[in-house]
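The number in this note's numbering is simply the position in the sequence shown, starting from 1, with 140 added. We put the CB at the ideal spot given by N, CA and C, even for glycine. Only a predicted model underlies this, so the values are computations on that prediction, with no experimental measurement involved. A short write-up of the structure that comes next.
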Amino acid sequence: MRIIVGIAFVGILYSLGSALVYLMRDTGNSKRMVYALTARIGLSVLLFLFVLFAHWMGWIQSTGLR
Numbered sequence: 141m142r143i144i145v146g147i148a149f150v151g152i153l154y155s156l157g158s159a160l161v162y163l164m165r166d167t168g169n170s171k172r173m174v175y176a177l178t179a180r181i182g183l184s185v186l187l188f189l190f191v192l193f194a195h196w197m198g199w200i201q202s203t204g205l206r
């Protein structure tokens, strides 16, 4: 479970970093930054839904505040 979440976080950070690079390098002629940010949003939503599904299936347990 931790590996899957870690891979998702790395993918989200990579997409965010590539969007920053496209913002700095492109002069407004391409939509690569928009696509990178769209991928980041999609990965974030998928990660959230996966965590909800994993909790529902009992793969992870909530511990509450300690």
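Per-residue DSSP class, three states only, for residue i
i, result
"Gly182", "helix"
"Met164", "helix"
"Ile200", "coil"
"Leu205", "coil"
"Met173", "helix"
Proximity below 8 Å, CB of residue i to CB of residue j
i, j, result
"Arg180", "Leu156", "yes"
"Leu187", "Ala159", "no"
"His195", "Ser202", "yes"
C-alpha gap between residue i and residue j, whole angstroms
i, j, result
"Trp199", "Leu205", "19 Å"
"Phe190", "Gly168", "35 Å"
"Arg165", "Leu177", "15 Å"
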